[in-house]
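Report on one structure; see the data block that follows.
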Amino acid sequence: MKYADLHVHTFYSDSTFSPEEAMARAQEKGLAAIAICDHDSVEGIGPCENLSGKFGVEVVPGIEMTAEMADAEIHLLGYFLDWKAPWFVKRLKEIQGSRINRIYVIVEKLNQAGIDVKAEDIFRMAGKGTVGRLHVAQAIMKTGKVRGFKEIFDKYIGFQKPCYAPYVKFSPKEAIEAILKAGGVPVIAHPGLMGNDDYIPELVDHGLRGIEVYHSDHKKAARMHYEEMARRYDLLVTGGSDCHGMGKGRVLMGEVRVPYMLVEKLKEEAEIIRKKYVK
Ligand code: AMP
Ligand code: ZN
Ligand code: FE
Ligand code: FE
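In numbering that gives the first Met the number 0, the protein residues as written are 0 to 278.
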């Protein structure tokens, strides 16, 4: 059996792994394919593709985009998108710019709350990657004032917590449309983290094609629940570890994987989408 891990980050967003490290780890785990799904960045895809032959691991081009609803934030994955499309790359550059600006807002709020972090340190940690709250969390950890990531997100930088700042007013509809226009298959990431599913039917109306049933944060009950939901709404099933290298304390690569056949289904769906939406 061939397997794929369809949710992997690199240091082009908030993983500690370089493309080389991600690909080497995928080979070590015996994976036939991994999908590179960095937050608001496609820069890791090319370097990983260039290493595909060396490590014998296929690379599925992908992205993870953030969209905001009134009371929650959701993540949308886009598989097999045309990641070189100039309009899309330009859009991502704008989003990356607002990610940088919002770090200053978050740092200011944290300083007010008595947490001594500096924007420069956070940018240094992010390196060439799109900067985000995982980098902020790593900087907060270094102050020694908190016990762990849970406390950091629950008390400070989680969605709409006191030190949270948004970076993009992208509705789920707009994110799905952008992914479709780029020829990608829009898939809702880790829905089990949300607490309710009320928003999902609307996403399906907007063009959602898949659901990330298998994820490191989904227990058995969630997996069964979303398997059923995928059947009910005729959505493709995907799954991945959401590996951030050492970014979340432990390397998750390959701990969640799906049969390679699902990659082929995504590829077929992308072909249909490309014909329909890409001008
Ligand atoms: P950002 O790109 O700034 O939205 O940050 C996203 C990163 O923060 C991702 O790696 C998420 O998994 C992580 N993250 C967001 N919320 C939480 C949370 N409540 N607990 C742990 N990690 C989180
Ligand atoms: Zn991340
Ligand atoms: Fe996510
Ligand atoms: Fe992710």
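The beta carbon of each residue, even a glycine, is placed where N, CA and C say it ideally should be.
Might you give, ordered along the chain, the residues of its own chain that have their beta carbon closer than 7 Å to the beta carbon of residue i, omitting 5 neighbours on each side?
i      : result
Lys172 : His205
What span of residues does the alpha helix (DSSP H) with residue i cover, start to end?
i      : result
His205 : Ile199 to His205
Ile102 : Pro85 to Gln111
Ala21  : Pro18 to Glu27
Gly45  : Ile44 to Asn49
On the CB-based measure, 16 or more other CB atoms within 10 Å of its CB, does residue i come out buried or exposed?
i      : result
Pro85  : exposed
Thr129 : buried
Gly77  : buried
Glu211 : buried
Ile35  : buried
Ser170 : exposed
Ala112 : exposed
Ile271 : exposed
Who are the Cβ neighbours of residue i in its own chain at under 6 Å, not counting the five residues just before and after it?
i      : result
Ser14  : His8, His243, Gly244 and Gly246
Val203 : Tyr232
Arg273 : Gly182
Pro46  : Pro18
Ile121 : Ile102, His134, Val135 and Ala138
Lys180 : Tyr276
Pro258 : none
Alpha carbon to alpha carbon, what distance is there between residue j and residue i?
i      : j      : result
Met228 : Leu235 : 10 Å
Phe152 : Lys141 : 15 Å
Lys275 : Met252 : 34 Å
Lys278 : Asp81  : 12 Å
Arg90  : Gly239 : 26 Å
Val255 : Ile33  : 11 Å
Glu201 : Ile99  : 31 Å
Lys92  : Phe10  : 16 Å
Asp70  : Tyr198 : 11 Å
Identify the continuous beta strand (DSSP E) that holds residue i and give its terminal residues.
i      : result
Met64  : Glu57 to Glu67
Ala283 : Outside the displayed span of the chain (0 to 278) sits residue 283, for which this structure offers no information.
Val277 : No beta strand (DSSP E) holds Val277; DSSP gives it neither H nor E.
Asp290 : There is no way to answer for residue 290, as the model of the chain reaches only from 0 to 278.
Ser213 : Looking at the sequence itself, residue 213 is Tyr, so the reference to Ser does not match. Tyr213 -> beta strand (DSSP E) spans Gly209 to His214.
Tyr78  : Glu72 to Tyr78
Going along the chain, which residues of its own chain have a beta-carbon closer than 8 Å to the beta-carbon of residue i, five neighbours each way excluded?
i     : result
Ser12 : Asp37, His38, Asp39, Ser40, Gly43, Glu63, Gly128, Thr129 and Gly131
Exercise for the section: Entirely within the segment 113–147 and at least 4 residues each: give me those alpha helix (DSSP H) ranges in chain order. Expected result: 118–125 and 132–141
Practice task
Enumerate, from N- to C-terminal direction, the unbroken alpha helix (DSSP H) stretches of 4 or more residues contained entirely within the segment 217–267.
Solution key: 219–231
Practice task
For the segment 147–201, list the beta strand (DSSP E) runs that are entirely contained and at least 3 residues long, ordered along the chain.
Solution key: 184–187
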